[in-house]
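Residue numbers (our numbering): 75 to 671.
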RNA sequence: GGCUCUGUAGUUCAAUGGAUAGAACAAAAGUUUCCUAAACUUUAGAUCCGGGUUCGAUUCCCGGCGGAGCUACCA
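Shown next as structure tokens:
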């Protein structure tokens, strides 16, 4: 039982004794006392005045008196309006603190054999272009969420669905065939995903030129699109792919391999990984089967043109196409296939899709369709829906060249970190490799923290030129605090100063120290909240608060120069636990923290 | 039109229905003989509008207004 739960129990008793009413925990509103008031926990008494039949202040007074008399834990109280502030025996806090210190994995729960299995899908790229800013948010959220779930004792399988087939892929292939002159990543020195992306852009450019030409000849836009030979060739290539034409398949495999090598490099730099990867080319056929089975069972229906549909009007939605008139599959078909394959392979308890909120409707429909098909888990799937990343000038548009490339962005962040470190003279005495590693951690830390501190469901604005700072509420601020503590701990070790947590210091603590202890002991609640809310931002905001609080403490108190060894030892413990929690919290965000910077 | 999300300082973000709405950046002014100044301190600055529920509303409900997205035989 946690400290606050123990207090709650005693409040329940107090209410029962004083007012002869049995209340449950849910009716009690106990919260940590705000900084500007004296006390540890605050009981909001307004909800209880009906039971007491007295004014709020009077009720609070009575409860406060009873609690001080009957509880060893509560030493004093004060009443402000309807708020009863309770002060605890300071030794209780030292005990809590000691417990945290003794647990190397404080705040997280071990994953047991019988734990629930969560599968988390994220990233989900297309193989026709490199990853961009939108993918960055997706990847960071998916990866962090996986770690948060693990910290809450869940088994997690991280997965990715790669959209590796379709007309868009054929466009890149066709452009390469026409204008590539045999260029390869090796021959050009380009990253494979960028190289393929360049041909996707090249297709678009030539296609536009062709349309302009046709329109200049007097055709309407629609006529021009219908008459385009380029598009016809691309479609023809897709048919070739579907028919397993060896030449098309061979080119497809070659170019996809280039892309995967590029993606792997990006994922590695970003620090994210997957346990298993699915490819649309392997799941669309099983998806078709499921749809056709559904058709036989009368769950779906066929229109005169041959297309297959689901009627969701009873669910308040529209009709949804599942197979085109020519029998080919759509996005939904493939997602049905992927889901059923996954559930056949793994004993999944919860399927979590990390996908942008633009697809809310898609997942609403997917859930219903899976349920109709008889998959009991369908209605339980979780769409972790996050907001778009917008630029100051609005949405990213590849046609207008405003897409922020993931590789460029990371490189830019690391470069800035490198330069800043150099300017601040932080690199003295470090090898080049050490300096570079720090620049990498700091640059990526700044980027990741910037994105993860925002509530996932909100759209966010990203200004490539101004957004990312290294001061204030940022990743580097937290990393810096950690490095600073490590420096103190190194020096303490040199002087043979030991960390300790004697209860005798309890009465001697400053307000800052007391507050820091309270903040530190909140960490398990934060991890739990992040897990139930599916929200890395909860962790991000907490580690920032903690770092800020520690820096104030650090500024106001001497650690190594403190003569009283109990106090010095305690401050060392405080530093130690802060560093450990900062590191742990940042780990949950997928952010590394350096020991010096 | 319908559905979903969203609206907080100049800007980017916080706030289980609770006390005087917190930070950061930008602006102004300070702190280095002392454990890392990527730090610390101070000043100025905000809940889109109108109703309702409540002892209490940034939060919940209704109605406006603004922003984003979906409503594809693209993924």
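By construction, the Cβ of each residue, glycine as well, lies at the ideal position given by its N, Cα and C atoms.
Sheet register partners of residue i (DSSP bridge)
| i | result |
| --- | --- |
| residue 376 | 382 |
| residue 424 | 192 |
| residue 231 | 193 |
| residue 501 | Answer is none; residue 501 lacks a bridge partner. |
| residue 430 | 460 |
| residue 106 | 115 |
| residue 236 | 353 |
| residue 479 | 206 |
| residue 468 | 465 |
| residue 200 | 237 |
| residue 183 | 226 |
Cβ-Cβ separation, residue j to residue i (assumed contact under 8 Å), whole Å
| i | j | result |
| --- | --- | --- |
| residue 278 | residue 355 | With 8 Å as the limit, residue 278 and residue 355 do not qualify as a contact, their Cβ atoms being about 23 Å apart. |
| residue 81 | residue 160 | 7 Å |
| residue 620 | residue 652 | 6 Å |
| residue 551 | residue 586 | 18 Å between Cβ atoms; not a contact. |
| residue 439 | residue 394 | 6 Å |
| residue 125 | residue 95 | 5 Å |
| residue 217 | residue 267 | Not confirmed; about 19 Å, so no contact. |
| residue 481 | residue 184 | Rounded, the Cβ-Cβ distance is 37 Å, inconsistent with contact. |
| residue 412 | residue 357 | 4 Å |
| residue 368 | residue 288 | Not a contact, Cβ separation roughly 42 Å. |
| residue 123 | residue 133 | 5 Å |
| residue 425 | residue 456 | 7 Å |
| residue 177 | residue 246 | Incorrect: roughly 52 Å between the Cβ atoms, too far for contact. |
| residue 563 | residue 649 | 7 Å |
| residue 315 | residue 309 | With a Cβ gap of about 11 Å, residue 315 and residue 309 do not count as contacting. |
| residue 312 | residue 241 | 5 Å |
| residue 484 | residue 478 | The pair is not a contact, with the Cβ atoms about 11 Å apart (cut-off 8 Å). |
Nonlocal neighbours in the same chain, by C-beta distance under 6 Å from residue i, ignoring five residues either side
| i | result |
| --- | --- |
| residue 156 | 119, 120 and 130 |
| residue 598 | 181 |
| residue 113 | 107, 159, 160 and 161 |
| residue 488 | 513, 514 and 517 |
| residue 380 | 399 |
| residue 281 | 304 |
| residue 576 | 640 |
| residue 410 | 361 and 364 |
| residue 603 | 612 |
| residue 535 | 464 |
| residue 659 | 613 and 617 |
First and last residue of the uninterrupted alpha helix (DSSP H) at residue i
| i | result |
| --- | --- |
| residue 51 | Residue numbering for the chain in the displayed model covers 75 to 671; residue 51 lies beyond these limits and cannot be assessed. |
| residue 154 | Looking at the DSSP string, residue 154 is not in any alpha helix (DSSP H); the run it does join, the beta strand (DSSP E), is 148-154. |
| residue 213 | 207-225 |
| residue 663 | No alpha helix (DSSP H) contains residue 663, which DSSP labels as neither H nor E. |
| residue 277 | 266-290 |
| residue 311 | 303-316 |
| residue 91 | 77-93 |
| residue 125 | 123-126 |
| residue 247 | 241-253 |
| residue 140 | 130-144 |
| residue 259 | 259-262 |
Close Cβ partners of residue i (< 8 Å) along its chain, the five nearest in sequence each way excluded
| i | result |
| --- | --- |
| residue 212 | 196, 197, 198, 428, 429, 430 and 460 |
| residue 285 | 295, 298, 299 and 302 |
| residue 527 | 547, 611, 614, 615 and 618 |
| residue 672 | Missing from the structure shown is residue 672; the chain here goes from 75 to 671 and no further. |
| residue 325 | 247, 250 and 251 |
| residue 417 | 425, 449 and 451 |
Close beta carbons around residue i, own chain, < 7 Å, minus the five adjacent residues each side
| i | result |
| --- | --- |
| residue 307 | 248 |
| residue 253 | 276 |
| residue 150 | 142 and 161 |
| residue 77 | 166 and 170 |
| residue 578 | 640 |
| residue 421 | 191 |
Delimiting residues of the beta strand (DSSP E) encompassing residue i
| i | result |
| --- | --- |
| residue 371 | Premise fails: residue 371 is in no beta strand (DSSP E) and is neither H nor E. |
| residue 50 | Because the chain is modelled from 75 through 671, residue 50 falls outside the range shown and cannot be assessed. |
Which whole runs of the beta strand (DSSP E) in the segment 564-629 are 3 residues long or more, in chain order? Entirely contained in the segment 564-629, not one beta strand (DSSP E) run reaches 3 residues.
Note down, one range per segment and in chain order, each beta strand (DSSP E) of at least 3 residues found wholly within the segment 326-364. Whole beta strand (DSSP E) segments, 3+ residues: 350-353.
Could I get the ranges of all uninterrupted beta strand (DSSP E) runs contained in the segment 386-414, with 3 residues as the minimum, in chain order? When DSSP assignments are scanned along the segment 386-414, the uninterrupted stretches of beta strand (DSSP E) that are 3 or more residues long and fall wholly within it turn out to be 393-397.
Runs of alpha helix (DSSP H) lying entirely within the segment 488-560, each at least 4 residues, in chain order: Those alpha helix (DSSP H) runs which fall completely within the segment 488-560 and span 4+ residues are 506-526.
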